[in-house]
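Numbering (the numbering used here), first residue to last: 97 to 612.
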């Protein structure tokens, strides 16, 4: 009975998303209300504890939720000033004559690079894919799949930072654990993209560039993890390395890298209105700034350690390290503002930027935060104030303890493999790898302790699978379809993509089982 009650909020969110097509933010709000109700009525959690735990979850979500807010501001600024259109025109000329290389450059390399700096591949890349002659089905599916292997390093490593904070593991050690998955998963994602485009025939034709791109992507993550510096820039480095390897591959085959035959007169006018470097300036400034603060030890130590800005919300618990001057969301705003003298936005463009941002940002930000609130309420259910700290009144009356004990008894040795599929479910429900980490980390720590398996590997496997859910996330696919006026295509994509995501998750589950 306790297990069903504990799972009720998650199952309710899943039902609202799948059966009623509710958006993630309102589904998440219902899930939070249900978890508060279950915690209060059945796990004897006071409203004070539940609300305080929710607040702690919202603060813990800042690396993700505030990054969502600032990255939407930046991409809206680029859109309204014409800079984004200038970038898109350049990207569509890349590797036009080699379909496999083009797919790897745009959807894996550039897609990973975009999501790493906080942009949204499912908003930017579908129009490019259509302009290059791909079907609406492919244009929706590929941008949602290409960046998934390094989804852990999205938003300048926000999910990895959450993982490190929630497990108490140093960022460098966390990166080493995740990087083991990357070469295999990245290569398989490349094969999945080729299969979507042209089945086994396209896989045969594009196998070599796919192998080169996948291994470059994955091994870049391995190398950065072993170097131990600039870890939050792993997605940026891997994306750039993948594009570079594909360009070298084309050069060796004596194929043209840029083909401007697809450029229209209108697009030439856009090119003439703004240099490419000016259009890229917010991202270039952001990357340079992040390189400096992460690779220059005095600055890194000062911002990451000395200015950790701890916030004590749960009495007696470890403070939440906000690190607001180190986290990427601060530097997204700084980079955007520093680029203003180069882009020179007009008063009308500023007004349009702010209007669109205020319309676009609140719901995704709320969606990112509410699942952290749900996770913290589940983690702290059954706790009661006891002097200057909170204590668990009864180990049998905590939602996470109930799930951990039941899972250990039911799945036993197979639990590490099952955990990956829980990650796929969590990523589908929440639409975020970081939220998946927040939902399941405490649960995995307890269950792994009972079964005597490596909790860090189990949690990492879950997180990787949570990233793989991007290609079946209704919110992401609807976003991609909307950018090319193809709403409805997302349902067709899900039917195909669910097979790919399940197959990739199975591989992640096997790796998790072996290593845990």
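Don't be surprised by glycine CBs; every beta carbon is placed ideally from N, CA and C.
Same chain only: Cβ atoms within 7 Å of residue 488, ignoring 5 sequence neighbours per side: Here residue 488 refers to the residue found at position 392 when the chain shown is read from its first residue. Counting only Cβ-Cβ distances below 7 Å, and skipping sequence neighbours, we find 478, 479 and 494.
In three-state DSSP terms, what is residue 482? Here residue 482 corresponds to residue number 386 of the chain shown, with the count starting at 1. If DSSP states are grouped into helix, strand and coil, residue 482 belongs with the strands.
Quick check on this structure: which residue in 551, 376 and 511 has the alpha carbon closest to the alpha carbon of residue 259? In the chain shown, counting from the first residue as 1, residue 259 sits at position 163. With distances taken between Cα atoms, residue 259 lies closest to 551.
DSSP state of residue 415, grouped into three classes? Taking the chain shown and counting its residues from 1, one reaches residue 415 at position 319. The answer is coil: DSSP assigns residue 415 none of H, G, I, E or B.
May I ask you to report which of helix, strand or coil DSSP gives residue 246? As a working mapping, residue 246 is identified with position 150 in the chain shown. Three-state DSSP puts residue 246 in a helix.
DSSP on residue 218, reduced to helix/strand/coil? Stepping through the chain shown from its first residue, residue 218 is reached at position 122. Helix at residue 218.
Taking buried to mean at least 16 other C-beta atoms within 10 Å of its own C-beta, is residue 194 buried or exposed? Position 98 of the chain shown, counted from the start, is the residue given in the question as residue 194. Buried, by the Cβ-count rule.
Supposed contact pair residue 572 and residue 218 - C-beta distance, whole angstroms, cut 8 Å: Counting from 1 along the chain shown, the entry for residue 218 is found at position 122. Counting from 1 along the chain shown, the entry for residue 572 is found at position 476. The pair is a contact, with the Cβ atoms about 5 Å apart (cut-off 8 Å).
Below 9 Å between beta carbons: does that hold for residue 636 and residue 255? Nothing in the structure corresponds to residue 636, since the chain is present only between 97 and 612.
Nearest-angstrom beta carbon gap, residue 559 and residue 163 [assumed within contact, 8 Å]: Sequence index remark: in the chain shown, residue 163 carries index 67 (1-based). Sequence index remark: in the chain shown, residue 559 carries index 463 (1-based). Actually they do not touch by this definition, with Cβ atoms about 17 Å apart.
Report yes if the C-beta distance between residue 439 and residue 374 is below 9 Å; otherwise report no. For this step, residue 439 is matched to residue 343 along the chain shown. For this step, residue 374 is matched to residue 278 along the chain shown. It is a contact, given that the beta carbons lie within the stated cut-off.
I'd like the span of the alpha helix (DSSP H) that includes residue 191, first residue to last. Position 95 of the chain shown holds residue 191. Taken as a continuous stretch (DSSP letters only), residue 191 belongs to no alpha helix (DSSP H), as it is neither H nor E.
For residue 354, write down the residues that DSSP places opposite it in a beta bridge. Here residue 354 refers to the residue found at position 258 when the chain shown is read from its first residue. Residue 354 pairs with 190.
Out of curiosity, what's the CA-to-CA distance linking residue 382 and residue 329? Walking along the chain shown from the start, residue 382 turns up at place 286. Walking along the chain shown from the start, residue 329 turns up at place 233. Whole-angstrom Cα-Cα distance: 11 Å.
Helix, strand or coil at residue 452 according to DSSP, with G and I counted as helix: Here residue 452 is taken as the residue at index 356 of the chain shown, counted from 1. Helix at residue 452.
Measuring alpha carbon to alpha carbon, tell me which of 361, 345 and 318 ends up nearest residue 303. The sequence position of residue 303 within the chain shown is 207, counting from 1. That would be 345, whose Cα lies nearest to the Cα of residue 303.
To the nearest angstrom, how far is the alpha carbon of residue 588 from that of residue 236? Taking the chain shown and counting its residues from 1, one reaches residue 588 at position 492. Taking the chain shown and counting its residues from 1, one reaches residue 236 at position 140. Cα to Cα, the separation comes out at about 10 Å.
For residue 305, which residues from the same chain have a beta carbon less than 7 Å from its beta carbon, with the 5 sequence-adjacent residues on both sides left out? For the purposes of this step, residue 305 is taken as residue 209 along the chain shown, with counting starting at 1. Excluding sequence neighbours, residue 305 sits near 196, 197, 200, 342 and 345.
I need the DSSP call for residue 393, collapsed to helix, strand or coil. Counted from its first residue, the chain shown places residue 393 at position 297. Residue 393: helix per DSSP, three-state reduction.
Does the beta carbon of residue 122 fall short of 8 Å from some heavy atom of the ligand MN? The ligand content of the structure shown is nil, which means the ligand MN is not present either.
To the nearest angstrom, how far is it from the Cα of residue 239 to the Cα of residue 158? Walking along the chain shown from the start, residue 239 turns up at place 143. Walking along the chain shown from the start, residue 158 turns up at place 62. Roughly 26 Å separates the two Cα atoms.
Could you tell me whether the Cβ atoms of residue 72 and residue 289 are closer together than 9 Å? Absent from the model: residue 72. The displayed extent of the chain is 97 to 612, so no value can be given.
Among residues of its own chain, excluding the 5 on either side of residue 98, which ones have a beta-carbon nearer than 6 Å to its beta-carbon? To locate residue 98, count along the chain shown from 1; it is residue 2. 498.
Would residue 471 pass as a contact of residue 536 if the rule is Cβ separation under 9 Å? Along the chain shown, read from residue 1 onward, the residue named residue 471 stands at position 375. Along the chain shown, read from residue 1 onward, the residue named residue 536 stands at position 440. Yes; because the gap between Cβ atoms is below 9 Å, this pair is in contact.
Can you tell me whether residue 213 is helix, strand or coil according to DSSP? Translated into positions along the chain shown, residue 213 becomes position 117. In the structure shown, residue 213 sits in coil (DSSP, three-state: anything other than H, G, I, E or B).
Should residue 322 be labelled buried (16 or more other beta-carbon atoms within 10 Å of its own) or exposed? Within the chain shown, the letter at position 226 stands for residue 322. The residue in question, residue 322, is exposed, as its Cβ has fewer than 16 Cβ neighbours within 10 Å.
Please name the residue in 546, 275 and 282 whose C-alpha comes closest to that of residue 496. For the purposes of this step, residue 496 is taken as residue 400 along the chain shown, with counting starting at 1. Of the candidates 546, 275 and 282, the one whose C-alpha sits nearest the C-alpha of residue 496 is 546.
Could you tell me the alpha carbon to alpha carbon distance between residue 232 and residue 554, rounded to whole angstroms? Here the question's residue 232 lines up with position 136 in the chain shown. Here the question's residue 554 lines up with position 458 in the chain shown. For residue 232 and residue 554, the distance between alpha carbons rounds to 37 Å.
Any 3 or more C-beta pairs closer than 8 Å across the region 393-401 and the region 129-140: no
For the alpha helix (DSSP H) that contains residue 115, what are its first and last residues? Position 19 of the chain shown, counting from 1, holds the residue named residue 115. Looking at the DSSP string, residue 115 is not in any alpha helix (DSSP H), and its letter there is neither H nor E.
Let me know if residue 388 comes out buried or exposed under the rule of 16 or more other beta-carbons within 10 Å of its beta-carbon. The residue given as residue 388 occupies position 292 in the chain shown. Result: exposed.
In angstroms with no decimal places, state the Cα-to-Cα distance between residue 179 and residue 490. The sequence position of residue 179 within the chain shown is 83, counting from 1. The sequence position of residue 490 within the chain shown is 394, counting from 1. Going by the C-alpha atoms only, they are around 57 Å apart.
Please give me, in chain order, every unbroken run of the alpha helix (DSSP H) with length at least 4 that falls completely inside the region 285-359. 330-348
Using 8 Å as the threshold, is the region 185-193 in touch with the region 347-362, meaning 3 or more CB pairs across them? yes
Contact between the region 359-374 and the region 165-185 (3+ Cβ pairs under 8 Å): yes
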